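Report on one structure; see the data block that follows.
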Amino acid sequence: MSPDGYERIEPVIGLEVHCQLRTEAKLFSSAPAQPDAGDGANGNQRERPNTRTQPFDLGHPGTLPVLNEQALVLALRLGLATGCRVAQRSSFSRKHYFYPDL
Numbered sequence: 034m035s036p037d038g039y040e041r042i043e044p045v046i047g048l049e050v051h052c053q054l055r056t057e058a059k060l061f062s063s064a065p066a067q068p069d070a071g072d073g074a075n076g077n078q079r080e081r082p083n084t085r086t087q088p089f090d091l092g093h094p095g096t097l098p099v100l101n102e103q104a105l106v107l108a109l110r111l112g113l114a115t116g117c118r119v120a121q122r123s124s125f126s127r128k129h130y131f132y133p134d135l
């Protein structure tokens, strides 16, 4: 490429930000989102893993996700408050794992 060709290239940098929203339910499920705060001290018992689940969380065939509107509103507010451009359309891809969550 000629040196002049580089002048037409515009770098675009995107950030993927992960944060945990304080919502009552999970992002795509009606199962409770907040983990048990029990630490075993003072009689507080920890919950067993994978007890706050719904059929969609477990990947049962035929189950469909329902987006948690509270999470969407919180995420949009954060984006707008920080001066971000919010995409008009978003899509999600589900990852499937073939081993148990430990």
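The opening position of the sequence shown corresponds to residue 34 in my numbering, with each subsequent residue numbered one higher. All C-beta atoms in this analysis are idealised placements derived from N, C-alpha and C, irrespective of residue type, glycine included. Predicted, not measured: the structure shown is a model, and the values here were computed from it.
**Request:** Decide if S62 is buried, meaning its Cβ has at least 16 other Cβ atoms within 10 Å, or exposed.
**Result:** Buried, since its Cβ has 16 or more Cβ neighbours within 10 Å.
**Request:** Could you say which of P94, H93, T86 and V119 lies nearest to L105 if we only look at CA atoms?
**Result:** Of the listed residues, the one whose Cα sits closest to L105 is V119.
**Prompt:** What three-state label does DSSP hand A58 in the structure shown?
**Reply:** Three-state result, A58: strand.
**Request:** Could you tell me the distance, in whole angstroms, from the CA atom of I46 to the CA atom of L100?
**Result:** Their Cα atoms are separated by approximately 28 Å.
**Sub-9 Å separation of P98 and F125 beta-carbons** = With contacts defined by Cβ atoms closer than 9 Å, P98 and F125 form a contacting pair.
**Item:** Given T56 as reference, the closest of E102, R110, T115 and K128 once Cα atoms are compared
**Value:** When only C-alpha atoms are compared, the closest one is E102.
**Start and end residues, alpha helix (DSSP H) containing A114** = For A114, the uninterrupted alpha helix (DSSP H) run begins and ends at E102 to A114, by DSSP.
**Item:** Residue burial classification, K59 (beta-carbon count within 10 angstroms, cutoff 16)
**Value:** K59 is buried by the Cβ-count criterion.
**Asked** Between the C-alpha atoms of N83 and L111, what's the straight-line distance to the nearest angstrom?
**Response** Looking at the two C-alpha atoms, the distance is approximately 29 Å.
**Prompt:** Using the C-alpha atoms, what's the distance from L107 back to L113?
**Reply:** So the alpha carbons of these two residues sit roughly 10 Å apart.
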